[in-house]
Amino acid sequence: MKSRLQSFLPIILMLILLPLIIFGRTMTHEFVWDDQFILDHGSYLTGIRAESLHHIWSQPYNELYVPVALTAWLLLNQLDPDSPFNPRVFHAANIILHIINSLFVFFILFHLIKDRWIVALGAMMFAVHPVQVEVVALAWGLKDLLSASLGFGAMLIYLNLNDSNLLRYWLGYSLATLLFGLALFAKPSILVLPLILMVIDGALRGVNWKISFKRFGLWLALIVPIIFLTRWAQPHTVLDFVPSLWARPLIWCDAIQFYLWKLILPFNLSVSYGRTPLWVMAQGWFWWSWVIPVLILVVVLWKFTAYRYVWVGLVIFVLGWLPVSGFVPFEYQNWSTVADRYLYFSIFGIGIMLKPEGFLHSFRRAGGIVLSIICIAWVMLSYQQVSIWKNEGVLWSDAITKYPDRIPMPYNNRGVWYARQGQFDRALADFDAALRIQLDNASVYHNRGEAYIKMGDLPRALENFNRAIEYDPQYFKSYRSRAVIYRMQGNYSQALHDLNRVLQLKANDAESYYQRGYLYQIQGDVEHALADYQHALYLNPNLAQAYNNRGVLYQQQHPQQALADFTRAIECDPSYAKAFHNRGNVYVALGQYRQALADLEQALRLEPENGAIYQSRAVTLFFMGQFDAAQQDIERAQALGFTPNPDFVKTLYERMKAEGGRMKDEGGRRKDEG
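Listed below in structure tokens is the structure:
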């Protein structure tokens, strides 16, 4: 055993070092693309609290039920609680999980093949192939990586079960079942694992299929509720185009040959291929997409005995992405049927195909050398591919360069990124390019409307939100954003109408309850405002703005409750200057000036150009008897264009004048006494 571990050591070191070299650069990368889903709902993921855990395990998340992945993100934020959602932490976790998965693949392949260096080559393919870059470089990809880790762990335990000791067998089986169950809650697509193991049992281990089916009865039973939970999380899968039943096998065959080519020649990899069913069906070769997959199937079946491991590897490769094959339409087909991340687990099957049998046996040495050279090339390509994930600007520019004018998404997403950078001319140009590809795309109109809001052009923003709603009356985000504009324009009745419409479309939208509560608040309807804030916080227990605004309502009559709400808002968002400011004002009213001063100074560190905070600190300093410092803060507030309360300014200067006269009189008396 010891000698075996020693012989494995060089391989293990390679499987650790090469991914570190390739993916280590992601530690300096920003959050990109779907990573935004983590940030949009991140208030649940900042602190370990009963309400956060309850929400994670009881609600879908971006139309996915993945509570194990969410819990992992929650735990990652505890590594740096003062700076949650640190991209470095999330990227490091992905790299570690990918290394663990590569080691799992090595030990699983060794169990099946036994040839140390062939197995090493297969594991190396899994670790360094360029199509793996997307999952590892994307923080959102942790759900795929974690699901694969738990699945590979369950597989390794199952393959090593020995029924000669029943206690150990059932303990191992129970642990494998637990890991599989957790994997399903990390990402449901791992549900293909029992089918993969049944293929391995029957084709490679000589297990009767009836026995194998009995072994996996419990695992298959676990899949049933997962299917229902997934349907519950995704009640309305809206596709721009749903292919007919007769077309789906051909679309699947096209995906098979596309993936095989990308495995053999991993060039022009992209975050967005734009290979939608509609685009594929419009190509002349669509009707012949079945030829290559069928030829492969015929050859493998013809030489099944000789090519048994090749057959098993191909079946595992195809089963691995079966849930997103297109046989059952899925939402991402609006943008592409194929994506690199769908292959993550499947590449394990390619390693099985390297078993030195049949056609590989005759040129094992030469084949090993060639594959080793190819692996080195893959390392270089992967290292290069990682660089395009640096930020959204680079990512979407790369997609536009490689696959221009197929779908609007790359232009739309780059436009959003440009708008965040304040490069509005470029953002608008990208939105226009997206609309030239698809004129009726509600998402593009919505994002262009958000850009116009940032530019201060409310009429054009309103026009774009109207167009988004015209093309997609179910697009709730545009109703919500339009309500904000109506509120800013003083059109409260129309704003209320739009927010009510949002809540008809998405009853669990905490942000809309918050916005409606704020609308009630500015109209003086305290009862309805409090009710909506309460409901928003029930849906999202970490919504800092709702705590802050509820605290404002409590501030006059219930200062202690207000303090509790402002404190909770700060816990949810430690960078929330307004909450520090408001809590400081409550401390002033309660006569707790030192606590007030500490909060107001923190608020100024977060918003050093906020004149209102300088005025509040001036009031605090006034009550502490520091009149000169209070005057300096009033002057700073005025320099920033803020108009201080004239009554307070008058009182301050009168007090300073009186204090100056008193000091002058005391000085005169001391002089006379001298």
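Sequential numbering from 191 applies to the sequence shown in our numbering.
Note that the Cβ used here is the ideal one computed from N, Cα and C, for glycine as well.
Since we're looking at a predicted model, the values are computed, not measured.
A direct Cα-Cα distance of roughly 23 Å separates I563 from F535. Note on Q575: 16 or more other CB atoms within 10 angstroms of its CB, so buried under the neighbour-count rule.
Per DSSP, the unbroken alpha helix (DSSP H) holding Q785 starts and ends at Y783 to L796. If you ignore the 5 residues before and after F406, its C-beta comes within less than 8 Å of the C-beta of P384, L387 and M388, all in its own chain and listed in chain order. For L293, the CB contacts under 7 Å within the same chain, skipping 5 residues up- and downstream, are I202 and L205 in chain order. Per DSSP, reduced to three states, the secondary structure at L254 is strand. Contact between the region 654-664 and the region 625-638 is present: 3 or more CB-CB pairs across the two stretches fall below 8 Å.
About 11 Å separates the beta carbons of F297 and R306, which is beyond the 8 Å limit, so they are not a contact pair. In this model, H245 and Y234 are separated by some 8 Å (Cα to Cα).
In the three-state scheme derived from DSSP, where H, G and I count as helix and E and B as strand, Y348 is classed as helix. Note on D755: 16 or more other CB atoms within 10 angstroms of its CB, so buried under the neighbour-count rule. By the Cβ test, the region 439-458 is not in contact with the region 407-419, since fewer than three Cβ pairs between them sit closer than 8 Å. Taking the C-beta atoms as reference points, A734 is found nearer than 8 Å to A769.
The C-beta distance from I578 to L585 rounds to 6 Å, short enough to fall under 8 Å. Here the alpha carbons of G541 and G503 stand approximately 7 Å from one another.
Per the coordinates, the alpha-carbon of L796 lies some 33 Å from the alpha-carbon of A619. Judged by DSSP in its simplified three-state form, L328 adopts coil rather than helix or strand.
Boundaries of the alpha helix (DSSP H) harbouring S668: F666 to M678, taken from the DSSP string.
Of the candidates Q679, V295, H771 and N291, H771 places its Cα closest to the Cα of I803.
Nearest to F227 by C-alpha distance, out of L254, T833, Q751 and L468, is L254. Per DSSP, the unbroken alpha helix (DSSP H) holding I290 starts and ends at P277 to I303. Proximity of the region 460-468 to the region 579-599 meets the contact definition, three or more beta-carbon pairs being nearer than 8 Å. Cβ neighbours of A700 within its own chain (closer than 7 Å, five residues either side excluded): A726, L729, N730 and L733.
V809 is not a Cβ neighbour of V776, given a cutoff of 8 Å. Around the beta carbon of I308, 16 or more other beta carbons sit within 10 angstroms, so the residue counts as buried. By the neighbour-count criterion, in which a residue is buried when 16 or more other Cβ atoms sit within 10 angstroms of its Cβ, P274 is buried. Contact check between the region 308-318 and the region 350-358: fewer than three CB pairs, one atom from each, fall below 8 Å, which does not count as touching. Y497 carries a coil assignment under DSSP once its states are collapsed to helix, strand and coil. Judged by DSSP secondary structure, M314 falls within the alpha helix (DSSP H) whose first and last residues are R306 to V318. Annotation: the continuous alpha helix (DSSP H) that includes E701 extends over A700 to I712. If you compare the alpha carbons of D818, T833 and C762 with that of T236, the shortest gap goes to C762. DSSP places E653 in the uninterrupted alpha helix (DSSP H) bounded by L648 to Y661. When secondary structure is reduced to three states using DSSP, P749 falls in the helix class. In this structure, the CA atom of E849 is about 30 Å from the CA atom of P798. A contact between stretches requires three or more CB pairs, one per stretch, nearer than 8 Å, and the region 367-382 fails this requirement with the region 474-487.
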